[in-house]
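Everything on this sheet refers to the single structure shown next.
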Amino acid sequence: MTTTICPSCKQATGGKFCRHCGAAVHADSTTQGCTGCGAALRPDARFCNQCGRTVGAGSAGASGAEKLRWFLAGGATVAVAGALVLLLTRTPVAAAGQPAPATAAARPQAPDDGFSAADLAAMTPKQRFDALYNRIMRSSERGDEASVGMFAPMALASYAELDSVDADARYHAALIYLHTGGVAEASALADTILKKQPGHLFGYVVKGTLARFQQDSAGLKRAYKDFLAHYDAEQKAARVEYTEHPRALADFLANAREATGGSTP
């Protein structure tokens, strides 16, 4: 059933009458609702500006990457696990001029991050998303862009399956999008982080990273300034997610101080 926005009470609903106030809901409403969080969306929206989920319903020209994300997100856990089994058990190609090892086809290739395809299949979406995020970040640090591109759609599919999404999950998803060229999606997630929790440092880190990528000096300066302005209060808030990303915050803080001359909190 199509989700629309009631013209009377502005709540997401479906059918001909609003289930909240009983007002008639016209079929030609100019907005639709996000299937993830129910937020109002324009028909031509490519992603939700509240939770960052790709919607694409009104974009006939969606890219291949977007279509792949939609396919994976709709495939649920079994599809993701099946793709990983195929990926991790295929026979490696021998180097040119060298025969393949005799045992290569006899046993699956184990991933280098301490989990197997069977492990991933048994995980909750949250556990799988975290495991794949860590895999992607380690691959990126090694310069293994092929693995980043291969595992990113699986991680984002797991993100789409999460029952609840917090700032930490949005931050992780934004970084994955940044590593795969999803600038618009990462920007939407940064906006959502700051809308849900004004002053949250992760929002400014993502915005600053985007600005550097786009060579937007004004945007980068803004992100640095906002980060420094909220740093003291956010540190006092003692958010758990900050303790899990000390290096990222410390690096951004150092760069912000150097670029703006900001004083040490």
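Numbering follows the working numbering, in which position 168 of the sequence shown is assigned residue number 764; successive positions increment by one, without gaps. Glycine included, every Cβ here is placed at the ideal spot set by N, Cα and C.
Assigned exposure category for P749 - 16 Cβ within 10 Å defines buried:
To locate residue 749, count along the sequence shown from 1; it is residue 153. Under the 10 Å beta carbon count, P749 is surrounded by 16 or more other beta carbons and is classified as buried.
Kindly indicate which three-state DSSP category M719 falls into: helix, strand or coil?
The residue given as residue 719 occupies position 123 in the sequence shown. Reduced to three states, the DSSP call for M719 is coil.
Is it the case that the segment 824-838 contacts the segment 783-792, given that we only count it when at least three CB pairs across the two stretches are under 8 Å?
The segment 783-792 is not in contact with the segment 824-838.
Rounded to whole angstroms, what's the CA-CA distance from R835 to K792? Just pull it up for me.
Taking the first residue of the sequence shown as position 1, residue 835 is located at position 239. Taking the first residue of the sequence shown as position 1, residue 792 is located at position 196. Computed Cα separation, rounded: 14 Å.
Could you have a look at G795 and say whether DSSP puts it in helix, strand or coil?
By 1-based counting over the sequence shown, the position of residue 795 is 199. The answer is coil: DSSP assigns G795 none of H, G, I, E or B.
Tell me the rounded alpha-carbon separation between T777 and G857.
Here residue 777 is taken as the residue at index 181 of the sequence shown, counted from 1. Here residue 857 is taken as the residue at index 261 of the sequence shown, counted from 1. Before going on, a small fix: residue 777 reads as Gly here, not Thr. If I take the Cα positions, the gap works out to 31 Å.
Exposed or buried, which one is R724 when buried takes at least 16 other CB atoms within 10 Å?
Locating residue 724 in the sequence shown gives position 128, counting from the first residue. It is buried - the Cβ of R724 has at least 16 other Cβ atoms within 10 Å.
Local Cβ density within 10 Å of S735, reported as buried at 16 or more and exposed below that:
One-based indexing of the sequence shown puts residue 735 at position 139. Result: buried.
Rounded to the nearest angstrom, what separates G660 and K832 at their Cα positions?
Within the sequence shown, numbered from 1, the residue matching residue 660 stands at position 64. Within the sequence shown, numbered from 1, the residue matching residue 832 stands at position 236. Its pLDDT being 40, under 50, G660 is placed unreliably in this model, and the value from its coordinates should be taken loosely. Those two C-alpha atoms are separated by around 44 Å.
Roughly how many whole angstroms lie between the Cα atoms of V802 and A713?
As a working note, residue 802 is residue 206 in the sequence shown. As a working note, residue 713 is residue 117 in the sequence shown. Answer to the nearest angstrom: the Cα atoms are 31 Å apart.
Does the Cβ-Cβ distance between L752 and A769 come in under 8 Å?
Taking the sequence shown and counting its residues from 1, the one referred to as residue 752 is at position 156. Taking the sequence shown and counting its residues from 1, the one referred to as residue 769 is at position 173. Yes; because the gap between Cβ atoms is below 8 Å, this pair is in contact.
From the DSSP output, in three-state form, read off R738 for me.
Residue numbering aside, residue 738 sits at position 142 when the sequence shown is read from its first letter. It is coil, neither helix nor strand.
Through-space distance from R808 to A819, alpha-carbon basis
Translated into positions along the sequence shown, residue 819 becomes position 223. Translated into positions along the sequence shown, residue 808 becomes position 212. Cα to Cα, the separation comes out at about 10 Å.
Does T720 pass the burial test, meaning 16 or more other C-beta atoms within 10 Å, or should it be called exposed?
The count along the sequence shown starts at 1 and reaches residue 720 at position 124. The residue is exposed, with fewer than 16 neighbouring Cβ atoms inside 10 Å.
If I follow the unbroken alpha helix (DSSP H) through A834, where does it start and stop?
If you number the sequence shown from 1, residue 834 lands on position 238. Counting along the chain, A834 sits inside no alpha helix (DSSP H), nor does DSSP assign it H or E at all.
Measure the Cβ-Cβ separation of L816 and V779 and say whether it is below 8 Å.
Translated into the one-based positions of the sequence shown, residue 816 becomes position 220. Translated into the one-based positions of the sequence shown, residue 779 becomes position 183. Not in contact: L816 and V779 (Cβ atoms no closer than 8 Å).
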